[in-house]
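Contents: one structure, followed by commentary.
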Amino acid sequence: MSQSDIDNVRRQMKIKTGSVKRLWKEHNMYRQEALQLKSKLDKLVAEGADEYDIKNAVRLSLSLSLSQKDIEEGEKMIPDSENRLAKAIIELRELVVYARTVPAFENDQDFLAAETQLEEANV
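Convert by adding 969 to the 1-based position in the sequence shown; the result is the number in this note's numbering.
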């Protein structure tokens, strides 16, 4: 394997590691946001808020508008982010599996970062 091939794999590994890291954060953010929005809406319902407040939730602090529509939109993003994350993980895993066969990557920082990111993504 030539040095340019090693550099190319290293560059791709760095890019894909960054993608997995970003998509992992994004996916978790969507999940947390959906849970928080649902919790706030459930709280309004439990408190017996009138229908207008429940529908629009204008009384929430920080002027956060909350409605069933907001919750549904957030929940729709979860499968999308999950699919994009899964694709990025597969691509990164393929590079890591290949890099394990190349001695030049044995103690490579980008290789180790890629493995760490795969572990963080629970893969």
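Every residue, glycine too, gets a C-beta built ideally from N, C-alpha and C.
Check                                                                                                                                                          : Outcome
Nearest-angstrom Cα distance between Glu-1093 and Tyr-999?                                                                                                     : Summary: the structure shown does not reach residue 1093, with the chain confined to residues 970 through 1092, and so no result is reported for it.
Any contact of the stretch 1043-1063 with the stretch 971-990, i.e. 3+ C-beta pairs under 8 Å?                                                                 : yes
Taking only the alpha-carbon atoms, compute the straight-line gap between Lys-985 and Gly-1017 and give it to the nearest angstrom.                            : 48 Å
Can you list, in chain order, the residues of its chain whose CB lies under 7 Å from that of Glu-1051, leaving out five sequence neighbours each side?         : His-996
Would you grab the beta carbon distance between Lys-994 and Asp-1079 for me? Rounded to a whole angstrom, and I think it's under 8 Å.                          : 19 Å between Cβ atoms; not a contact.
Between the Cα of Val-978 and those of Val-1065, Lys-1045, Leu-1054, spot the shortest distance and give me the residue it belongs to.                         : Val-1065
Note down, in chain order, each residue of its chain lying with its Cβ closer than 6 Å to the Cβ of Arg-1053, except the 5 sequence neighbours on either side. : Leu-992
Roughly how many whole angstroms lie between the Cα atoms of Lys-1012 and Pro-1072?                                                                            : 57 Å
By how many angstroms is the C-alpha of Thr-1070 removed from the C-alpha of Ala-1090?                                                                         : 22 Å
Just verifying my parser: in three-state terms, what is the DSSP assignment at Met-1046?                                                                       : helix
Does DSSP put Ala-1090 in a helix, in a strand, or in coil?                                                                                                    : coil
Going by other Cβ atoms of all chains shown within 10 Å of its Cβ, with 16 needed for buried, is Ser-1032 buried or exposed?                                   : Residue placement at Ser-1032 cannot be trusted, given a pLDDT of 41 that sits under 50; what the coordinates show is reported in the next sentence. The residue in question, Ser-1032, is exposed, as its Cβ has fewer than 16 Cβ neighbours within 10 Å.
Can you tell me the Cα-Cα spacing of Tyr-1021 and Ile-1047, whole angstroms?                                                                                   : 27 Å
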